[in-house]
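Just so we're aligned: the sequence shown equals residues -29 to -1, 1 to 660 in mature numbering (1 follows the signal peptide of the UniProt record, and there is no 0). The beta carbon of each residue, even a glycine, is placed where N, CA and C say it ideally should be.
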Amino acid sequence: MVSSGVSFRRLYLACVPLLTLACGGPASQDGGGDNTSDTAGTETAGEPVCDAGLIAGEDGECHCGTPEGVICGEDAYCDEPSGTCVEPTCGAAPAWSPGTQAFTEVTQAWGLAGVEGTRLSVTDLDADGWPDLFVRRGGTRSDDFNTDTRHTWLLRNADGQGFEDVTQDSGVLAPRQALATGIGRPAEIVASADVDNDGDLDIFTGITTSDPMASLGETSELMLNQGDGSFVLASVDSDLRHAASEDIVAGASFIDANRDGFVDIWVTEHGIQDELYYGTGDGGFVKATSGSGLATSGAATIAELNSGAVHSRAWSALACDLNGDGWTELLAGSYGRSTNHLWQGRLDQETGFVAFDARGVESGYARDENYEWQSNQFARCYCQSNPMAEDCAGVPAPAINCGTPNWNHSSDREPFRLGGNSGATACADLDNDGDMDLYTGEIRHWWAGLGSDMSEALINTGAQDVSFERPGRDAMGITVEHVTGASWDEGHMSLTTLDFDNDGWRDVYVGASDYAGNRGLLFHQRDVLQFEPVSTADAFEHNRSHGVVTADFDRDGDLDLIVGHSRSRCDANAPNDCYATSAIRMFENVYGDGGSWIQLKLEGVTANRAAIGARVRVTADGVTQTQEVGGGYGHYGAQDDLVLHFGLGDACAAEIEIRWPDGDLTTQQLMLPGGHRFHVVQGERATLE
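If you want it as structure tokens, here you go:
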């Protein structure tokens, strides 16, 4: 347990190994996670042994930064560059409980009026530490700035005072073709990373090129940040452009798959080959799918369809280390009840290269194990008309008027047709047991029956070969009300996890959209894997919620939410109908201020500079949380902040372990006070951000 009794001023030679970095020793560089330093600092006769960053003065005391610097209190941390003492902030508020306001709307105050979209991503254009926002409407569409016909908004966070539209000035939509003045290149799927390790975030923009009229002859592109938030096109020769053939991008996740210090990217495609591209470190990317084990086929037998050997019908992407071995798993959630893909990463000992093994079905991610088809209303229609057909005996009568047939009796009873319509999948350690779990978003209809997968948590078993258990929503208290009665639809396509009350446990927001009765759903984790709904009175009501990001936009120590809106299937006579426009909305967290917290901005040295793929374990008050720095995920491109936020509950400080995603999986340990944001450069002492 970490408490306010831990001294950051003097740790002496008795410091425990976990704290050796704070005591002055270097970060471990041996890949094994053990810091081999056995000294706590420099010592001469008559001088005290001082914590790193503290200098022994002539008065026999440890001073911050210089021998004449200030003397920090026992519980303070010396921020060496500024020479100031950072005092810990202890949590003052209990975990959220029903009847307590958690969020308030601030859309107008932040200048977001008129911004519309369902694809939302966080980035940091100018590396100023304030999370910026990239918003897109669905589909491959171009912006006409001459007539203010907009589909894309790149918004700069003006130091917490609101957002400024910098879309056109930034050059992020600069075309490669000779388009008319004021016409922007289409961009739908977005992910950010520092691809050239120059200290700023570059942006991948993916599109569908099936319709040349919509794509304007443009392709998916990488936009290189010039260091000031302006962008230029990367090399025309990059494989990432997918220029030689049709591109149908459905999701993108930056990673460092081979841990060479340069980010790579996993791009999922709808109905064609998903692709892995290796980064060259200068903005270039080369296709690495062939020979890596990721190849799939377009035409297949029933057995191959059931096993997931065919192309995904991707609707999302995710990259996450699910078995903790340092090699990233690659996931593609699929539409149309088809098989979700999970590729388990490993180092091929014979070739020395990274390889991937298909474990979608074996892991339990491909679909749940409910293969019941008899409750499908169209199956019942078929059996009513064909009572002698195989397995039709005893199938109940349908509850619908049977019209146009919508059931293939020879294939629709197969497992590959009894999965889900999978939107976003998020990766998070929901139960704080040290491994990453999943939460899936799914579209589900009442008429499809029990065999259609629901949105739910997949809890990691911790096995070396990735596998999950599905406790079920009811067992976890995740209740979804069907306000339309018996004929309901669940449009759960976007989602995120966050700790909105800073109690140290991840909560879940599910964006439910596109059908009557659907709205955003927020669930608070009140105990281990036990959730409770947060009412609209305590949070907010947002109909047809499609697209969501979370970040501490105002940098006040808690996580805020921005949500998008879909106007699909509007019906003024149905509950939770569409709004007049697809305007996004912003909700400020007004509860989390009371709990302690810590935020970490990581910077790799031998690891990729944005530290994408770094795994961080934070221990406070007996609870250990695990997070990874993510490079994008979700349904047609979502990304939360690269700055990691940890709620600490009542604790005043935290023990921190960082596993850097370099070739040796270098580890680093620190102890830091709560209530602050820190910048951690690999192998160096943390500084106040």
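Residue i classed as buried or exposed, judged by whether at least 16 other C-beta atoms fall within 10 angstroms
i, result
"ILE569", "buried"
"GLY646", "buried"
"ALA11", "Bear in mind that the predicted position of ALA11 carries a pLDDT of just 38, short of 50, making it too unreliable to give a figure here."
"THR15", "With a pLDDT of 48 at THR15, under the threshold of 50, the modelled position of that residue is not reliable, and no figure is offered here."
"GLY31", "exposed"
"GLN148", "exposed"
"ASP498", "exposed"
"GLY155", "buried"
"SER393", "buried"
"GLN79", "exposed"
"PRO38", "exposed"
"GLN348", "buried"
"GLU427", "buried"
"THR552", "exposed"
"GLU51", "buried"
"ASN357", "exposed"
"ASP130", "exposed"
"SER305", "buried"
Per DSSP, the bridge partner or partners of residue i
i, result
"GLY307", "Paired residue(s): none; GLY307 is not in a bridge."
"ASP136", "LEU126"
"HIS416", "ASP460"
"CYS398", "LEU409"
"GLU628", "ARG588 and GLN640"
"PRO65", "Note: PRO65 sits in no beta bridge, so no partner."
"ASP478", "LEU469"
"ILE243", "Note: ILE243 sits in no beta bridge, so no partner."
"PHE225", "ILE236"
"residue 690", "Because the chain in this structure spans residues -29 to 660, residue 690 falls outside the shown range and cannot be described."
"MET194", "ILE174 and LEU204"
Residue i: CB within 7 Å of a non-hydrogen atom of the ligand NAP
i, result
"TRP101", "For the ligand NAP, the structure offers nothing, since it holds no ligand at all."
Nearest to residue i (by Cα), restricted to the options the options
i, options, result
"GLU189", "GLU159, LEU195 and ASN377", "GLU159"
"ALA266", "ALA370, GLY279 and ASP199", "GLY279"
"HIS296", "GLN355, GLU240, GLN435 and LEU276", "One detail in the question is off: residue 296 reads as Asp in this sequence, not His. Of the listed residues, the one whose Cα sits closest to ASP296 is GLN435."
"ASP542", "SER484, THR118, GLY316 and LEU469", "SER484"
"VAL220", "LEU247, GLY316 and ALA47", "LEU247"
"LEU500", "VAL238, TRP476 and LEU659", "TRP476"
"THR638", "ASP362, ALA624, GLN653 and ALA23", "GLN653"
"ARG230", "ALA581, VAL366 and GLY593", "ALA581"
"SER539", "GLY88, ALA47 and LEU401", "GLY88"
"ASP362", "PRO442, GLU343, ALA370 and GLY374", "GLU343"
"ALA290", "GLY36, ALA609, ARG656 and PHE387", "ALA609"
"ARG515", "CYS549, ALA508, THR521 and HIS495", "CYS549"
"residue 675", "VAL505, GLY420 and THR467", "No information on residue 675 is available, as it lies outside the stretch -29 to 660 that the chain covers here."
"LEU613", "GLY584, VAL589 and HIS606", "GLY584"
"GLU58", "ALA98, ALA624 and VAL534", "ALA624"
"PHE617", "TYR486, ALA47, PHE471 and PHE558", "PHE471"
"ARG586", "ALA215, THR299, ASP136 and GLN244", "THR299"
"LEU83", "LEU636, GLN596, ILE533 and ASP621", "ILE533"
"LEU302", "GLY331, THR507 and ILE243", "GLY331"
"THR111", "ARG441, MET642, LEU636 and PRO157", "PRO157"
Cβ-Cβ separation, residue j to residue i (assumed contact under 8 Å), whole Å
i, j, result
"residue 666", "ASN579", "Since the first residue shown for the chain is -29 and the last is 660, residue 666 is missing from the structure and cannot be characterised."
"GLY448", "GLU503", "6 Å"
"VAL203", "LEU195", "5 Å"
"SER141", "SER201", "5 Å"
"ALA360", "CYS352", "No, ALA360 and CYS352 are not in contact; Cβ-Cβ is about 12 Å, not under 8 Å."
"GLY264", "PHE327", "4 Å"
"ARG556", "GLU76", "6 Å"
"SER92", "SER163", "7 Å"
"ASP136", "LEU126", "6 Å"
"ALA419", "ALA487", "Actually they are not in contact, since the Cβ atoms of ALA419 and ALA487 sit about 16 Å apart, beyond 8 Å."
8 Å Cβ shell around residue i - same chain, five flanking residues per side excluded
i, result
"PHE439", "SER334, GLY335, TYR336, ASP408, LEU409, LEU429, ILE430, ASN431 and THR432"
"PHE233", "VAL166, ASN168, ASP227, TYR249, GLY250, THR251, GLY252 and ASN579"
"CYS398", "LEU289, CYS291, LEU293, MET407, ASP408, LEU409, GLU599, GLY601 and TYR604"
"GLU29", "PRO38"
"ARG317", "ASP296, TRP298, VAL325, ALA326, PHE327 and ASP328"
Same chain, Cβ closer than 7 Å to residue i, neighbours up to 5 away in sequence not counted
i, result
"GLU660", "GLY100, LYS572, ARG648, PHE649 and HIS650"
"ALA259", "LEU247, TYR248 and TYR249"
"SER209", "LEU193, GLY255 and PHE256"
"ASN377", "PHE349"
"GLN496", "TRP476, ARG477, ASP478 and PHE502"
"PHE511", "PHE74, GLU76 and PHE558"
Close-in-space but distant-in-sequence residues of the same chain around residue i (CB under 6 Å, 5 per side omitted)
i, result
"THR7", "Below a pLDDT of 50, predicted positions are generally treated as unreliable, and THR7, at 35, falls in that range; the measurement from the model is reported next regardless. Hits under 6 Å: none found."
"SER423", "ARG415"
Proximity test, Cβ basis, 8 Å: residue i and chain E
i, result
"LYS258", "Given the protein chain composition of this structure (a single chain), no chain E is represented."
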